[in-house]
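Numbering (the working numbering), first residue to last: 416 to 763.
Backbone N, C-alpha and C define an ideal beta-carbon position, used for all residues, glycine too.
Remember, it's a predicted structure, so these values are computed and weren't measured experimentally.
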């Protein structure tokens, strides 16, 4: 049996190949023209090699810069200033910074613990039985100290404003507005038998979603909101059919927004979709147990499975900005009216 030999494509070949698929696109809040796109090309008849390449632009891809490296398994993060940080878990965690000229600089991951400074990107975690480790990358110096987090932290995110939010031993929730120097913490209150997901919101609103082990899908089982008295209120959405969700958000007017990837009654009947349609759903005011589907415009007006593949929901002062990958998997789209209409963004 001969071994299949797969050539390693260049970054340009990956990004421009018609068979490449858009994996992720991110942009600087308030500046959609400054964005980064991650592309994947599956090479070889048996897909022995999946290569990823990164394209960066400051003018909406009228011009572009390609990172002069490729990756097998990578994620991208963008700082508030537009600097690109790449996470690679191919052989444990490694971090890279993509410079403006496309050069890729390995990040020095140091063991010093330091508060997260303005402009640093919190991304990357290494599991430790006693204590997980989280890094914040300074794109200017390509160094990453450890983030100061409460003992037992197993998940950590950084919001667009820089607030840190942490889940601790699946029981407690905490947040920090000073880079981890001090933490506000709510002990217990999170379900022991659930997986927990963060919900996008303003810094003064703290909400999580609970779900069971749905493998690649996340069941929409509970919503928990931290009230002013320090207790969690619990909302249980309808469970028949069960919804499986992607990104979620609390809108400034108090409504709950959910990208629903699938429902438990989805399927095909004589090659036609049946069951409750996926898509973007919004709650009936502040009643988070009742939802209405938003009728999406082009390019998501066709029947399932061409529903918005939502990658991100950013809460703005007057609503939310939703980012999705199109059904052709080569274009990115944004919506500022909860998915009713969409604006196309080039990604290469």
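Open item on the list: Under 8 Å, Cβ to Cβ, is there at least one residue of chain C near residue 757?
Closed with: Of the protein chains in the structure, only one exists, and it is not chain C.
TODO: Put residue 522 into one of helix, strand or coil per three-state DSSP.
DONE: Residue 522: coil per DSSP, three-state reduction.
Task: Coil, strand or helix - residue 665 by DSSP - done: Collapsing the DSSP output to three states places residue 665 in a strand.
- [ ] Might you give, ordered along the chain, the residues of its own chain that have their beta carbon closer than 6 Å to the beta carbon of residue 738, omitting 5 neighbours on each side?
- [x] Excluding sequence positions up to five before and after residue 738, its CB lies within less than 6 Å of the CB of 726, 727, 749, all in the same chain and listed in chain order.
Task: Endpoints, alpha helix (DSSP H) assigned at residue 697 - done: Counting along the chain, residue 697 falls outside any alpha helix (DSSP H), though it belongs to the beta strand (DSSP E) covering 694–699.
Open item on the list: Considering only their Cβ atoms, is the gap separating residue 550 from residue 562 smaller than 8 Å?
Closed with: Yes, these two residues count as a Cβ contact at 8 Å.
Task: Anticipated Cβ contact below 8 Å, residue 519 with residue 482, distance rounded - done: Correct: roughly 6 Å between the Cβ atoms.
- [ ] Taking the CB atoms as reference points, tell me whether residue 600 and residue 587 lie closer together than 8 Å.
- [x] Yes, Cβ-Cβ distance for residue 600 and residue 587 is below 8 Å.
TODO: Specify the secondary structure class of residue 427 as computed by DSSP and reduced to three states.
DONE: It is helical.
Task: residue 625, enclosing beta strand (DSSP E) - first and last residue - done: Note, residue 625: beta strand (DSSP E), 622–626.
Open item on the list: Taking 8 Å as the cut-off, does the stretch 569–577 touch the stretch 533–543 (at least 3 CB pairs, one atom from each stretch)?
Closed with: The stretch 533–543 is in contact with the stretch 569–577.
Open item on the list: What does the alpha-carbon distance come out to for the pair residue 745 and residue 604?
Closed with: Roughly 42 Å separates the two Cα atoms.
TODO: Indicate whether the contact test is met: 3 or more Cβ pairs, each with one atom in the stretch 489–500 and one in the stretch 509–516, closer than 8 Å.
DONE: Cβ pair count under 8 Å is three or more, so yes.
Task: DSSP state of residue 576 mapped onto helix, strand, coil - done: Three-state result, residue 576: coil.
Task: Cross-strand partners of residue 707 (DSSP beta bridge) - done: Residue 707 pairs with 697.
Task: One or two residues paired with residue 570 in a DSSP bridge - done: Bridge partners of residue 570: 582.
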